[in-house]
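Worksheet: one structure, shown below.
Number of protein chains: 2
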Amino acid sequence: MLQIRNVQEHDYTSIIAVINDWWGGRPMADMLPKLFFIHFQPTSFIAEENGEMTAFLVGFLSQTFPGEAYIHFVGVHPDKRKDGVGRQLYQHFFETVKQQGCHTIRCITSPVNRTSISFHTKLGFAIEQGDKMVDGISVSSNYDGRGNDRVVFVKEI
Amino acid sequence: MLQIRNVQEHDYTSIIAVINDWWGGRPMADMLPKLFFIHFQPTSFIAEENGEMTAFLVGFLSQTFPGEAYIHFVGVHPDKRKDGVGRQLYQHFFETVKQQGCHTIRCITSPVNRTSISFHTKLGFAIEQGDKMVDGISVSSNYDGRGNDRVVFVKEI
Numbered sequence: 054m055l056q057i058r059n060v061q062e063h064d065y066t067s068i069i070a071v072i073n074d075w076w077g078g079r080p081m082a083d084m085l086p087k088l089f090f091i092h093f094q095p096t097s098f099i100a101e102e103n104g105e106m107t108a109f110l111v112g113f114l115s116q117t118f119p120g121e122a123y124i125h126f127v128g129v130h131p132d133k134r135k136d137g138v139g140r141q142l143y144q145h146f147f148e149t150v151k152q153q154g155c156h157t158i159r160c161i162t163s164p165v166n167r168t169s170i171s172f173h174t175k176l177g178f179a180i181e182q183g184d185k186m187v188d189g190i191s192v193s194s195n196y197d198g199r200g201n202d203r204v205v206f207v208k209e210i
Numbered sequence: 054m055l056q057i058r059n060v061q062e063h064d065y066t067s068i069i070a071v072i073n074d075w076w077g078g079r080p081m082a083d084m085l086p087k088l089f090f091i092h093f094q095p096t097s098f099i100a101e102e103n104g105e106m107t108a109f110l111v112g113f114l115s116q117t118f119p120g121e122a123y124i125h126f127v128g129v130h131p132d133k134r135k136d137g138v139g140r141q142l143y144q145h146f147f148e149t150v151k152q153q154g155c156h157t158i159r160c161i162t163s164p165v166n167r168t169s170i171s172f173h174t175k176l177g178f179a180i181e182q183g184d185k186m187v188d189g190i191s192v193s194s195n196y197d198g199r200g201n202d203r204v205v206f207v208k209e210i
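Quick mapping for you: the protein sequence lines, in order, are chains G and L.
Each residue of the first sequence is one higher than the last, beginning at 54 in the working numbering.
Each residue of the second sequence is one higher than the last, beginning at 54 in the working numbering.
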């Protein structure tokens with residue numbers, strides 16, 4: 054039985070303990086400081102199955118652009134990636150921010166992460182035009198600093 | 054003549070280009086993704102002197118705790134660290150968030166950064182009680198994940 058709840062500050066410890074493993078060894082912890090688990094709880098969620106965390110999503114409302122929300126980080130347990138739990142977390146996020154007047158969702162991913170690109174496309178995200186093509190995908194060069202190319206997604210809800 | 058203005062998305066490129074140098078070679082860019090320069094512009098500022106960036110501050114309003122604001126990242130050009138520009142950016146942030154109903158400011162620093170600890174203490178920040186003492190300073194162990202101890206500051210404005 055899948056349950057979705059808002060994150061709490063103390064969830065940070067369990068998430069940071071598994072995060073590099075869930076990403077196949079890529080060092081991800083620096084990209085997820087605890088501040089997100091303290092200050093963006095209303096739009097950040099954990100999915101649990103029988104009390105065990107199977108996925109999480111960290112997002113927030115844009116403070117520059119009213120009506121926009123941003124998904125910063127999503128992780129799904131490697132054994133649960135075909136179960137639709139990622140999709141359920143996104144849907145939960147969409148509903149939550151829509152109730153707060155949001156109409157546009159943004160997020161990014163790395164060009165190497167084909168699974169993520171396919172996931173977002175299936176969910177109805179469009180890819181914003183970048184400045185180069187990589188394997189048929191439009192990519193924004195150096196988006197997150199030199200060498201950190203990104204695929205930039207946007208979706209109207 | 055010092056001028057303070059809100060950050061714009063395009064400032065990200067200039068900041069990310071200097072940030073590791075300003076921190077004496079510590080790799081900091083991963084901790085500052087572009088999202089902060091897109092979605093938290095109302096509470097993020099750049100100080101310029103004769104058109105050259107001398108400092109920046111990235112902060113936001115807590116979305117969990119109304120009345121709280123958080124300062125995520127502050128950088129000052131190494132040649133400008135005695136000029137009070139850091140203090141001026143903090144004061145500008147305090148005034149901005151106070152107008153939006155904030156009464157509490159939070160931020161963190163690394164225990165090794167004695168200059169930062171001294172700076173925040175002089176500005177009136179208190180150090181929250183952690184779980185160990187390091188050179189007379191209360192420190193929160195593994196605050197940002199294993200090995201990432203932090204000094205946790207709070208100030209009422």
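All residues carry an ideal CB built from backbone N, CA and C; glycine is no exception.
None of these values were measured; they are calculated from a predicted model.
Sequence-distant residues of its chain with Cβ nearer than 7 Å to residue i (five each side left out)
| i | result |
| --- | --- |
| proline 131 (chain L) | Trp75 |
| glutamate 209 (chain G) | His156 and Thr157 |
| serine 115 (chain L) | Glu121, Ala122 and Tyr123 |
| lysine 133 (chain L) | Thr107 and Ala108 |
| glutamine 153 (chain G) | Leu114 |
| glycine 139 (chain G) | Ala108, Val127, Val129 and Phe172 |
| aspartate 197 (chain L) | Arg203 |
| serine 67 (chain G) | Met106 |
| lysine 170 (chain L) | According to the sequence as given, residue 170 (chain L) is isoleucine; it is not lysine. Within the same chain, isoleucine 170 (chain L) has close Cβ partners Thr162, Ile190 and Val204. |
| aspartate 64 (chain G) | Phe90 and Ile99 |
Close Cβ partners of residue i (< 8 Å) along its chain, the five nearest in sequence each way excluded
| i | result |
| --- | --- |
| arginine 58 (chain G) | Phe98, Ile99 and Glu101 |
| phenylalanine 146 (chain G) | Thr96, Phe98, Leu110, Gly112, Ala122, Ile124 and Ile158 |
| glutamine 56 (chain G) | Ala100, Glu101 and Glu102 |
| threonine 174 (chain G) | Ile180 |
| glycine 214 (chain L) | The requested residue 214 (chain L) is not part of the displayed model; chain L covers only 54 to 210. |
| glutamine 61 (chain G) | Phe90 and Gln94 |
| tyrosine 143 (chain L) | Leu110, Ile124, Val127 and Leu176 |
| methionine 54 (chain G) | Glu102 and Asn103 |
Chain L contact for residue i (CB, 8 Å cutoff)
| i | result |
| --- | --- |
| glutamine 125 (chain G) | Residue identity differs from the one stated: residue 125 (chain G) is histidine in this sequence, not glutamine. Taking Cβ atoms only, chain L reaches closer than 8 Å to histidine 125 (chain G), which makes this a yes. |
| methionine 106 (chain G) | no |
| aspartate 197 (chain G) | yes |
| proline 95 (chain G) | yes |
Interface residues of chain L facing residue i [CB-CB closer than 8 Å]
| i | result |
| --- | --- |
| threonine 149 (chain G) | Simply none; closest approach about 11 Å. |
Residue-level contact to chain G via CB, residue i, 8 Å cutoff
| i | result |
| --- | --- |
| lysine 208 (chain L) | no |
| isoleucine 69 (chain L) | yes |
| histidine 145 (chain L) | no |
Residues near residue i in its chain [Cβ-Cβ closer than 6 Å; skip 5 each side]
| i | result |
| --- | --- |
| phenylalanine 93 (chain L) | Phe113 |
| isoleucine 69 (chain G) | Ala82 |
| cysteine 160 (chain G) | Ile124 and Phe206 |
| valine 127 (chain L) | Leu110 |
| glutamine 182 (chain L) | Ser191 |
Per-residue burial, residue i [other beta carbons within 10 Å of its own, 16 or more giving buried]
| i | result |
| --- | --- |
| threonine 107 (chain G) | buried |
| proline 119 (chain G) | exposed |
| valine 192 (chain G) | buried |
| aspartate 202 (chain G) | buried |
| lysine 14 (chain L) | Residue coverage of chain L in this structure runs from 54 to 210, which leaves residue 14 (chain L) outside it and unanswerable. |
| aspartate 184 (chain G) | exposed |
| threonine 162 (chain G) | buried |
| valine 187 (chain G) | exposed |
| lysine 151 (chain L) | exposed |
| threonine 168 (chain L) | exposed |
Chain-ordered neighbours of residue i on chain L, where CB pairs are closer than 7 Å
| i | result |
| --- | --- |
| aspartate 83 (chain G) | Asp83 and Met84 |
| proline 164 (chain G) | In chain order: nothing, as chain L lies at least about 15 Å away. |
| serine 115 (chain G) | His92 |
Chain-ordered chain G contacts of residue i [CB-CB under 9 Å]
| i | result |
| --- | --- |
| glutamine 152 (chain L) | What glutamine 152 (chain L) touches in chain G: nothing, since even the nearest Cβ is about 14 Å away. |
Contacts of residue i in chain G (Cβ-Cβ under 7 Å)
| i | result |
| --- | --- |
| leucine 88 (chain L) | Tyr123 and His125 |
Residue i: CB within 7 Å of a non-hydrogen atom of the ligand GDP
| i | result |
| --- | --- |
| glutamate 101 (chain L) | Among the components of this structure there are no ligands whatsoever, and the ligand GDP is therefore not found. |
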